[in-house]
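Going by our numbering, the first residue of the sequence shown is number 16, and it counts up by one from there.
Where a beta carbon is used, it is the ideal one built from N, C-alpha and C, also for glycine.
No experiment lies behind these values; they were computed from the predicted model shown.
Report on the structure given below.
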Amino acid sequence: MSFAEQMREQTTKTYTENGAAARNTSGDARLDLFASIGSLRSADPERIELLFAEAYRADPLFALKILFYVRDIREGLGERCVFRILLQYLAKYHPQDVIANLDLIGVYGRFDDWYCLVGTRVENEMWKAMKQQLEADLKNFREGKSVSLLAKWIKTADSKREETRKLGILTAQKLGYPVYNFKRIVRSLRKYIGVLEVKMSEGKWEEIVYPEVSGRAMMIYRNAFLRHDMERFDRYLMNALEGKEKIHAETLYPYDLVEKILYFNPWDEIMEAQWRQLPDYVAKETNAIVVADVSGSMWIRPMATAIGLAIYFAERNRGAYHNLFMTFSEKSEFVSLKGETLEQKVQCVKSVGWGMNTNLQAAFEHVLETARDHDVPPEEMPKALIVVSDMEIDACVDENWMFYDHMKEKYEYSGYRLPNVVFWNVNSRHDLFHVDSKRKGVQLYSGESVTTFRNLLSNIDTTPAEAMEQIIESERYACVRTGDAEEKM
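Here it is, written out as structure tokens:
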């Protein structure tokens, strides 16, 4: 290895907040972005932009696909804030890439994502795209055909919030309508597509079709439904709990429900019905265990995320590990879920010891010692350990030895193969990776969405880079394009 290569290698070394040796890059800038982007809600915009810039420098099209994966509400991570930060970054440095994909923003996200482009180099193109969509919707409206959800998210001047009101006036002006006429046009479209808030403001509670209310709106307006339409709403809830009626939950995260039980509101039937109808991405026997970080650094949302994902996976796993998972902090514990409701299951997890340390080594040794002490055959071991954490783990015995390498050697010394390891980051505070991009039998994910389970279960025993490529190069993101490609068409 040359001196220059040694210099580069040494710049990749870092340590966790608790002293464990790690890397500040996976060796693949695309993977650095992919494995962090879902856990950057609290990160500085500068760090988010730098991660994206490095990935874009390596592969512009792949980086753009990751961007739309992170925003993808239904099949991706559903992250809004990070997407908008990076959309503004692209508008500043690569405006043609934004222009080439303006039509996709409302497909993967929401039409109000367009507004983050106000004041950027692509603002005029954004208004053109919005006007084109509005005119198409008005044409379909007049012909009795289906229309987009633009009218739901477009800003109008009748908002109570000053910022939204100003955007509403600007929108009317940019689209070429008098402000009053524009409000009337948008209101007609909102009635046509059945926007919930219109029916509520007009007191038409009896017209609300509860199985069509989005999961997020149900959480926001449930008290209003109970107050104004108690008998009908109660009847709907009972049917939803019994699985006879649909209650939307596909855009919710487990933490949306678990966080309220842990810290804020008491459990109620609406939360229970939504939990039961979260999409099932574990609908088969799965030889895997979630290892949830319950240490002090995970407090509030990361903790709710880890516990929520652990309960979600354990109760939906039809295999030998049904209702089983692990936790770790100062020590590691096996958890057997008890209870019928989500609240009971969360209370069950709260009875487990939570400490300040992040001793992931204890969890892996707990698995190994249990197997060794009870002569468990290698073929009966879990195939995968899914570590849900902020990755700020404690140091191993040798602080210069990276965690994965240390565990791999310990398992092999005892005659066992280290199970496939998934490192799922739910709160990335700095660039931190426990393996490189080519390590077979390890995958790196981030975020808070249960859709990740579907992806990770189909990529066991791959490398981190292969697992990422399986998602990002899928047909789902084939329509994303660069500005250069748009110019050549």
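Remark: C-beta atoms of ARG387 and SER429 approach each other more closely than 8 angstroms. Excluding residues up to 5 positions away in sequence, nothing lies with its Cβ nearer than 6 angstroms to the Cβ of ASP59 in the same chain. GLN21 carries a helical assignment under DSSP once its states are collapsed to helix, strand and coil. For MET483, the three-state secondary structure derived from DSSP is helix. Looking from the CA of GLY218, the closest CA among GLY183, GLN292, VAL228, ARG242 belongs to ARG242. Partner residues in the beta bridge of LEU400, as assigned by DSSP, are ILE304, VAL436. Within 10 angstroms of the beta-carbon of TYR195 lie fewer than 16 other beta-carbons, which makes it exposed. Judged by their CB atoms, LEU256 and GLU284 are nearer to each other than the 8 angstroms cut-off. The residue from GLY159, ALA493, GLY42, ASP87 with its alpha-carbon nearest to that of ASP128 is ASP87.
Annotation for GLU348: the continuous beta strand (DSSP E) segment containing it runs 347-351. Within its own chain, the residues whose Cβ lies closer than 6 angstroms to the Cβ of GLN292, once the five positions on either side in sequence are excluded, are ILE262, ALA264, listed in chain order. Ranking VAL402, LYS189, ALA19 by CA distance to the CA of MET145 puts LYS189 first. MET253 and LEU339 have their C-alpha atoms roughly 29 angstroms apart. Between the segment 455-470 and the segment 418-438 there are three or more C-beta pairs closer than 8 angstroms, enough to call the two in contact.
Exclusion of the five residues before and after CYS131 leaves ARG99, LEU102, GLN103 as the residues of its chain whose Cβ lies within less than 7 angstroms of its Cβ.
Closest by C-alpha distance to ALA480, out of ALA321, GLY209, PHE77, is PHE77. Listed in chain order, the non-local C-beta contacts of ALA288 below 6 angstroms within the same chain comprise ALA255, LEU256, ILE262, local neighbours out to five positions each way being set aside. Annotated three-state conformation of MET341 is strand, per DSSP.
For GLN458, the beta-bridge partners assigned by DSSP are VAL437.
Comparing alpha carbon positions, the residue from ASP409, LYS80, PHE349, ALA482 closest to ALA493 is LYS80. Closest in alpha carbon position to TYR123, among GLU138, SER163, PRO110, is SER163. Between MET371 and SER344, the C-beta spacing is below 8 angstroms. In the structure shown, the three-state DSSP call for ASP127 is helix. For the set VAL441, THR466, CYS96, LEU105, the Cα lying nearest the Cα of THR497 is the one of LEU105.
Within the DSSP secondary-structure output, GLY34 pairs in a beta bridge with ASP409.
THR29 sits in a strand when the DSSP states are folded into three classes. Counting only runs of 4 or more residues that sit fully inside the segment 34-67, the alpha helix (DSSP H) segments are 44-49, in chain order. Under the criterion of beta carbons closer than 8 angstroms, ALA329 and ALA35 do not qualify as touching, at roughly 27 angstroms. Cβ contact annotation for ASP476 (same chain, cutoff 8 angstroms, sequence separation greater than five): ASN435, LYS455, GLY456, in chain order. Under the criterion of beta carbons closer than 8 angstroms, ALA37 and PHE349 do not qualify as touching, at roughly 27 angstroms. HIS421 and LEU383 have their C-alpha atoms some 13 angstroms from each other. ARG45 and MET483 do touch by the CB rule: their CB atoms are close to 7 angstroms apart, below 8 angstroms.
Under a 10 Å Cβ-count criterion, GLN376 is classified as buried, with 16 or more other Cβ atoms of the shown protein chains found around its own Cβ. About 7 angstroms separates the CB atoms of PRO294 and VAL465; that is less than 8 angstroms, so the two are in contact.
With 16 or more other Cβ atoms inside 10 Å of its own Cβ, VAL309 counts as buried. Between ILE322 and VAL273, the gap from beta carbon to beta carbon is short of 8 angstroms.
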